[in-house]
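Here the sequence shown is numbered in UniProt numbering, starting from 1 and rising by one per residue. Down below is the structure, laid out as C-alpha cells.
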Amino acid sequence: MSQRSFASAEYALKKKRTRREMFLADMERIVPWSRLEAAIAPSYPRSGRVGRPPIGVPKMLRMYCLQQWYGLADEALEDALYDSQSMRDFVGIDLSREAVPDATTLLKFRRLLLANDLTKTLFDEINAHLAEQGLLMRSGTIVDATIIAAPSSTKNATGERDPDMHQTKKGNQWHFGMKAHIGVDAESGLVHTVIGTAANVNDVTQAGALLHGQETSAFGDAGYRGVDKREEAMGPTWFVAMQPGKRRALDLTKKWARLLDKAEQLKAAMRAKVEHPFHVVKNLFRHRKARYKGMAKNQGQLFSLFGLANLVIAKRSLLDLQARGAS
C-alpha cells in the first residue's frame, strides 16, 4: 500500500465530513464499478509500446461520473480535481505522484463512450444491477417528458441555431431545445427507458416506445390523451389524467364528481414518482440546458444522467441491502 502525502493525511484527520465526501463515499459503495468497467474495457485503447500509456478505465469512469453529478465542463472538472481533495480521493489521484488527467483526456473518453454507444450500455448495466437487487419491478410504467433548453442565439460561428433542436410552446411561454422522454417503474420510481427528441415532438407519439412490454398498467398526464388508441401503445391498461380545465369544472356537490375527483387524485399520486428522476437530473445534477450540439451527443448524455439518477434514487435501498448482507 502506497504512503499518503502529508496533505492527504492531514485532510483525512479533519473532524467534519462534508456533504460531498458523504455523497462520494456512498456512490463508491453502490455504483457497480466492476460491471461498468467491464462494459467499457473491450472498446478502451490498450497500452502500446509507443507514446504515453492510456489512463486506466477506473480513473476515467470515476472522472466521467463526477462530471455528470456536478454538471462540470471538461476544463472545470480538471480544475475541481486540483482544488478538491475529496474528488481526488474518489478518483484515486495523489498529486505527489501524478498529475490530474487533463480536459482533453476526458474529452476523448466521452467521445469513445459516444462512438461505441456505451452510455446506453452503462444505463442498461446499472438497471440490470438494480433488477438483480430486486429494485426494478415490471408491472407498471409511468411516462412523462421534460424540456431541456438549448442556446437559441445565432451569434456563433455558423450564424444559426442547432438544427436538431426546435421550439415548442408550454403554457404561454416558448421554449427552444429538446425533450427527455422517460418511462419510469411505477413501483420503485426508477427509469427504465430514455428517449431524446426535439422539443416540438408531441409526448403521446413516444408513449409506445417508453413501454418495456411487460406492463399491465401505464400512467400519463393529460398530454397523453388518446394514447390507448395508438397501436404501438396498446397492451397495458392506461390511466391518463383528466384535462385540468375539465377537472376544475367538476361540480363537487355531486357524488359522481367527487368520486371522479378522488380517482384523479389517486392517479396524480402515482404519477408523482416520475418527477423524482427529473428533480435529480435537473436540480441535483444541474442539467437544465443541453451541453452539446446535436441530438446524438445529448441523448448519449441522457443515458448517463438517468442511469446515475437511478442509483441516487435507490441509494438508501442499496445501502440497506449491503448492510443486511454484511451482518
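Ideal placement from N, C-alpha and C gives every residue a C-beta, glycine not left out. Keep in mind it's a predicted model, so treat the numbers as computed, not measured.
Close CB contacts of A80 within its chain, under the 8 Å cut and outside five residues either way in sequence, are with L66, Y70, L72 and M87 (chain order). In this structure, DSSP gives V204 a helical state, which the three-state scheme calls helix.
Taking C-beta atoms under 8 Å as the contact rule, G226 and V204 qualify, at a distance of about 6 Å. Straight through space, the alpha carbons of S188 and Q265 are spaced by roughly 19 Å. The residue among A323, D320, L302 and K293 with its C-alpha nearest the C-alpha of A157 is K293.
Considering only N283, A150 and L259, the residue with the shortest C-alpha distance to A290 is A150. Here DSSP, grouped into helix, strand and coil, assigns T119 to helix. Distance between F285 and K254, taken at the CA atoms: about 46 Å.
Take the alpha-carbon of G300 and the one of D164: they are about 14 Å apart. The criterion of a C-beta distance shorter than 8 Å is satisfied by V143 and L210. Apart from sequence neighbours up to five positions away, the residues of its chain that approach W238 with a beta-carbon distance below 6 Å are A218, V227 and D228, ordered along the chain. If you look at D320, you'll find it isn't in any beta strand (DSSP E); it sits in the alpha helix (DSSP H) that goes K315 to A326. Using a Cβ-Cβ distance cut-off of 8 Å, the segment 111-129 and the segment 34-47 are in contact, since at least three pairs of beta carbons, one from each stretch, lie closer than that value.
Here DSSP, grouped into helix, strand and coil, assigns I40 to helix. Put simply, of N127, M60, D261 and A115 the residue whose alpha carbon is nearest the alpha carbon of T104 is M60. Rounded to whole angstroms, the separation of the alpha carbons of Y224 and R19 is 39 Å.
In the DSSP annotation of this structure, the continuous segment of the alpha helix (DSSP H) that includes M63 starts and ends at V57 to Y70. In this structure, A180 is the residue among M242, E98, G140 and A180 with its C-alpha nearest to the C-alpha of H287. In the structure shown, the three-state DSSP call for T104 is helix. If you check the CB distance, A241 and A268 come in under 8 Å. In this structure V194 is in contact with L302, their Cβ atoms being roughly 5 Å apart against a cut-off of 8 Å. Contact check for L114 and I313: beta-carbon distance about 25 Å, past the 8 Å limit, so the pair fails to qualify.
The bridge partners DSSP lists for K170 are Q173. Within its own chain, the residues whose Cβ lies closer than 6 Å to the Cβ of V91, once the five positions on either side in sequence are excluded, are K59, R62 and M63, listed in chain order. K315 places its beta carbon less than 8 Å from that of I30. For G245, the uninterrupted alpha helix (DSSP H) segment begins and ends at P244 to R248. Inter-residue distance for H166 and M295 is about 11 Å (C-alpha atoms, whole angstroms).
In this structure, D74 is the residue among G196, D74 and A128 with its C-alpha nearest to the C-alpha of R110.
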